[in-house]
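A.B. asks:
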Amino acid sequence: MATDVHIGGETYKKRNIFAVWLLLPLITLGVYHVVWWYKINNEARRYLGDPSIKPVLSVLALVPGFVIIVPPLVSVYRTGERVRRMQQRAGLVNQTTPWIALALSFVFSLHSLYIQMGLNDVWDRYLMPWSPTPAPPPYPSATPQGGAPPPPAAQPPAQ
Numbered sequence: 205m206a207t208d209v210h211i212g213g214e215t216y217k218k219r220n221i222f223a224v225w226l227l228l229p230l231i232t233l234g235v236y237h238v239v240w241w242y243k244i245n246n247e248a249r250r251y252l253g254d255p256s257i258k259p260v261l262s263v264l265a266l267v268p269g270f271v272i273i274v275p276p277l278v279s280v281y282r283t284g285e286r287v288r289r290m291q292q293r294a295g296l297v298n299q300t301t302p303w304i305a306l307a308l309s310f311v312f313s314l315h316s317l318y319i320q321m322g323l324n325d326v327w328d329r330y331l332m333p334w335s336p337t338p339a340p341p342p343y344p345s346a347t348p349q350g351g352a353p354p355p356p357a358a359q360p361p362a363q
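If you read the sequence shown in the numbering used here, its first letter stands for residue 205, the second for the next number, and so on.
Structure below.
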């Protein structure tokens, strides 16, 4: 369900978005969401190197904070900002919008799905191979009449 991503001696998790959003919170009666919230804010703190990010305070804003209503909303918005900063640092163009995360928190708690998708985009950036993928083979109609494949493109000299 999760893939480890190693960056600069730190380990992060690429998680299944549907497991984070629906499956594990249902199975654990909501406990997983609290644990996940702590973990992603801790990942943001480590990845960004920002000691001002306090994962415990983010969790406290969610759990007892729901009584006051405002703290969980602030926590969702700030976590969306952190994910956006992580995406900027990773060089991603399409980035998480904190306001969208906040709005999605009112629709079946879809903010968790949206935020985890943003985090997975960051981790995918580090899982991508650095060399370009080879081109697929040509379609059969592209082969010459004799049935032989076309000659290869100029290849670099052997060293």
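Glycine is no exception: its CB is placed at the ideal position from the N, C-alpha and C atoms.
So Tyr-281 packs on Ala-265, CB below 8 Å; how close in whole Å?
C.D. replies: For the purposes of this step, residue 281 is taken as the residue at position 77 of the sequence shown. For the purposes of this step, residue 265 is taken as the residue at position 61 of the sequence shown. At roughly 10 Å, the Cβ-Cβ gap does not stay under 8 Å, so Tyr-281 and Ala-265 are not in contact.
A.B. asks: Just to confirm, is the Cβ distance from Val-209 to Tyr-330 under 8 Å?
C.D. replies: Translated into positions along the sequence shown, residue 209 becomes position 5. Translated into positions along the sequence shown, residue 330 becomes position 126. Going by C-beta atoms, Val-209 is nearer than 8 Å to Tyr-330.
A.B. asks: Is Ile-244 helix, strand or coil when you go by DSSP?
C.D. replies: Position 40 of the sequence shown, counted from the start, is the residue given in the question as residue 244. Note: Ile-244 maps to helix in three-state DSSP.
A.B. asks: In angstroms, rounded to a whole number, what distance separates the CA positions of Gly-295 and Phe-270?
C.D. replies: Here residue 295 corresponds to residue number 91 of the sequence shown, with the count starting at 1. Here residue 270 corresponds to residue number 66 of the sequence shown, with the count starting at 1. Computed Cα separation, rounded: 34 Å.
A.B. asks: Determine the extent of the alpha helix (DSSP H) in which Thr-207 is found, giving its start and end residues.
C.D. replies: Counted from its first residue, the sequence shown places residue 207 at position 3. Per DSSP, Thr-207 belongs to no alpha helix (DSSP H); it is in the beta strand (DSSP E), 206–211.
A.B. asks: So what does DSSP say about Thr-283, is it helix, strand or coil?
C.D. replies: Here the question's residue 283 lines up with position 79 in the sequence shown. Helix at Thr-283.
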